[in-house]
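Have a look at the structure below before the remarks.
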């Protein structure tokens, strides 16, 4: 019906109708003059929710968080190349997460581009790195087909970033008609030979692990993976930074690969075969002098069961059947919570309090960096929750991701655990949380440092670093007052310096609708740490299970 | 001497030595793991001042502000493609300003790039839009030559953005030697025929204007331009958004072209000849349905006296000689200050207070948008000052620019006049002001709106805009509390709601070292404004002189 609506005529209106008809009903915005017709069309299209942000990195990170939870893309509305540029870091994270995002980037009218005015830039080039699909709309008549092509590209599978550049005169031009999206074929099935090869590897009796990423970290795939592990003795690992990991009591426990290559190498050391399921071959995040980038043991054979563009659920179901695990009851994580933390606050105690209180069906956004090493451990037995991680390594993702997740799932509490350094990149997200009254609890690990860089300075073997170098990691002078920063954007906030105070603040925030920020003042666990670094990290890193931690300790203790 | 220093050996150390020897002694940083060797080398090179920022857009905007005032480039230190992406908007502004900036962008070790790890991206493509020069350093032995090539490219003339991509293994690799920069030839002289053509146009007796940009807005060029105007009756205009305009009592008064094309067209309507001096042909910022992009009158002849890459000072001197104006005393702006404003605060009263108190030799950063329309008028007769404007239209420039200007000129007070919306893009600049104890006074025009977009919505002729559209411009729910935001980053702050309070706060801030923020709560002059827009703006826009304002009023009043 809507496709012939005679009231819809200019490009912007027809575009909005096309998007909402196709299920894109949220748009994270930071508009400018070239987007004014899109903005004006919002009143004609109330089924599009336009969520204003004060910085484009918030809009793009929110679109990522929304899509991770809603399993459909949001749109962004960005102002020319510079607006897109401001959103680039979180689009990078979305790309690495294989999450669908549909960017609408306004541009000058086509007749105006040749004047090289102040805001003129080559938007397509700005978009190149992050976008699997880029097109500049050329006419109102063609615009809605362009939008549906963009949406198809975004949806993949796998999810991708698609960027539709919308010149102002295409938005304001008449003659546009909404278009209806045609259903797309489902993701391709993995061919039988790959299932057989994986099954053979599992049956061979060698030490085998499955590395799960993407869709494989969510039910039903995750349950089938656990059945396979149960039946064959294979170990399950998750990618270091999962897009969305379903976990908690009643779900299979999956050990995440460690961020530090030194430990990930040890996690993988014993395996002769590694089966990739919607995951990339494991490599270290950065390179370090004299150390290999690849993390698997020499001689380990890698197999790919399913690639991101394939039907991962189906592949794991068939593999489970193939190894006679189809009807097994997989090992599931038992319910368990740490006690309330007491005394002077530390990052570990924050993680403990989160594990103690995490409500059912929460969404946990983890950008806690060094402060979060104990988080997987203390929340392992908490009620079922989704964990969203920093997929692309571009910090400043946590708070925006929480905005989008909360808008996708208004009934679920969202905890955003963020380092103080990370929080400052996209702090403007707090304002959108307040404006939209989202139930997001932002916990800032306030250790007044880029603590991870103290660690990395050691790891890269940089010599000669003294006080001038270390000053580059210090957020002490002046300290950031996150309580004032949050209140300045309309978000209620408290500071906690003890386990008791933090737990009380978190209880209050969980029980009270709307956004909250808790400024968790914690010591920097890694300041001054030098050669003693590795042993110190051992027992906690990425929640390594105790037996592995012991094994690691034996190997690396001085 | 330094070129053979045997203690300098790894790439990072040799690079720092090369840069400081060549006069690049400030680096605005936001480093990550891939930059750790550069950071470690800071202790060996104390003549490099590393200024930490909490967001890369602050670093790049600060580098722009520094170069505008120091007339030499600063370096930035950015973390891979995502760090560069975060800095892109202000690099765009620097590019449009023709300001030299030298980006050092860390990258993965060359051996690591093939693994497509989370932070891997195509940095050169991210850099493409803003950079006139891009190179990836390939070896420690070659690195310092690369850096000098980058510096030469940045210096131009005209100034440009140069991006040197520094893989981690080139930074940590041994065998690098510092290099000394060879002096470059001065900018090319304008050929005589262009001087003659301009002189002929001026002598022809037709109505002629000079449009000044870049270097032409600074002494000695500005004085020669004023002599030419004095002698020939030509009118002087400045580009809408000058990189750096020297003005105030005792300098020639130059009328800036209006941002709104409707008015700029009227400013230029009477001229038969327009002579461009380090300026681009005047065009409207955006396109509007049914309106021309070009601002000159039909039939107006444009001439170019000097292009940005040429010796502008020399060209204006020769033109002055050619029209026998060389020894004239040009008309200079007299000293004049508005009185102290009283009563309920408005944007106009803020501008009045600035004009009343502006100290000698101040630097004024103008990102005030709609709130700043009266600024040129009220500061015209204030003591001499430099005005830095939003050259590329990418908002979020004001506070970072002030950081850089203050570091370039530690003895000069810096006033950053910023809209509330603009301030929020790069608010993290406040923390660097506090950390470095810069004498920057940030004045936030707190009208709780993207006020300019209310104007633009009218100008683009968008129909059907209602409450949902207008909500995209409203920063009211919740209001931003800039006092808390500033204090949260260690910057003393006050709120002013009356002329008296604002003036007292500004007096205090000017007299007290270190940074300050004044939250100037002002009404949004343009809310609800519709068809009455144009006449309302007339008397004030961009400080149009009264006769022109009258002429405009006659033409556009309904």
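Chains as they are written, first to last, in my numbering: chain R, 228 to 785; chain B, 228 to 785. C-beta: ideal position from N, C-alpha, C; glycine also.
Relative to residue 619 (chain R), the option among R:470, R:575 and R:540 whose CA is nearest is R:470.
Beta-bridge annotation (DSSP): residue 706 (chain R) is paired with R:703. The beta carbons of residue 272 (chain B) and residue 314 (chain B) sit about 23 Å from each other, so the pair does not count as a contact at 8 Å.
When the beta-carbon positions are compared, residue 558 (chain R) and residue 436 (chain R) stay at least 9 Å from each other. With 16 or more neighbouring CB atoms inside 10 Å of its own CB, residue 360 (chain R) falls in the buried class. The C-alpha of residue 555 (chain B) lies about 40 Å from the C-alpha of residue 329 (chain B).
When Cβ-Cβ separations below 9 Å define contact, residue 361 (chain B) makes no contact with chain R. In this structure, DSSP gives residue 298 (chain R) a state outside helix and strand, which the three-state scheme calls coil.
Under a 10 Å Cβ-count criterion, residue 551 (chain R) is classified as exposed, with fewer than 16 other Cβ atoms of the shown protein chains found around its own Cβ. Along the stretch 699–731 of chain R, the positions whose C-beta sits under 9 Å from a C-beta of chain B are 699, 700, 701, 702, 704, 705, 706, 707, 708, 709, 710, 711, 712, 713, 714, 715, 716, 717 and 718, read in chain order. In the three-state reduction of the DSSP assignment, residue 617 (chain R) falls in the coil class, being assigned neither a helical nor a strand state.
For the set R:301, R:444 and R:626, the Cα lying nearest the Cα of residue 249 (chain R) is the one of R:301. Beta-bridge annotation (DSSP): residue 672 (chain B) is paired with B:646 and B:747. Within a 10 Å sphere around the beta-carbon of residue 497 (chain B) sit fewer than 16 other beta-carbons, which makes this residue exposed. In its chain, beyond the 5 residues on either side, 300, 301, 326, 327, 328 and 386 have a beta carbon closer than 7 Å to the beta carbon of residue 294 (chain R). The Cβ of residue 751 (chain R) sits no closer than 9 Å to any Cβ of chain B. The Cβ of residue 356 (chain R) sits closer than 9 Å to at least one Cβ of chain B. Contact between residue 364 (chain B) and residue 261 (chain B) fails: their C-beta atoms lie close to 12 Å from each other, not under 8 Å. Sorting B:443, B:703 and B:635 by C-alpha distance to the C-alpha of residue 590 (chain B) places B:635 at the top.
In this structure, the straight-line span from the alpha carbon of residue 617 (chain B) to that of residue 567 (chain B) is close to 28 Å.
About 6 Å separates the beta carbons of residue 509 (chain R) and residue 438 (chain R), which is inside the 8 Å limit, making them a contact pair.
Partner residues in the beta bridge of residue 333 (chain R), as assigned by DSSP, are R:306 and R:393. Under the 8 Å Cβ criterion, the stretch 638–657 of chain B counts as touching the stretch 621–629 of chain B, having at least three qualifying pairs. Contact of residue 561 (chain B) with chain R is not assigned, every C-beta pair being separated by 9 Å or more. Proximity of chain R to residue 673 (chain B) at the Cβ level (cut-off 7 Å) is not reached, the minimal Cβ distance being about 12 Å. Under the Cβ distance rule, residue 270 (chain B) counts among the residues neighbouring chain R, one pair being separated by less than 9 Å. The three-state secondary structure of residue 375 (chain B), taken from DSSP, is helix.
Those residues of the stretch 320–331 of chain R placed with their C-beta closer than 9 Å to a C-beta in chain B are 320, 322 and 323, ordered along the chain.
Between the C-alpha atoms of residue 431 (chain B) and residue 682 (chain B) there is a straight-line separation of about 40 Å.
Chain-order list of chain B residues neighbouring residue 527 (chain R): empty, with the shortest C-beta distance near 16 Å, by a criterion of under 7 Å. DSSP links residue 735 (chain B) through a beta bridge to no other residue. Going by beta carbons, residue 750 (chain R) and residue 573 (chain R) fall inside the 9 Å limit. With fewer than 16 other Cβ atoms from the protein chains shown falling within 10 Å of its own Cβ, residue 419 (chain R) counts as exposed. Between residue 478 (chain B) and residue 466 (chain B), the gap from beta carbon to beta carbon reaches 9 Å or more. Within 8 Å of the CB of residue 396 (chain B), the CB atoms of chain R belong to 514 and 516, in sequence order along the chain.
For residue 687 (chain R), the C-beta contacts it makes with chain B under 8 Å involve 260, 263, 264, 395 and 399, in order along the chain.
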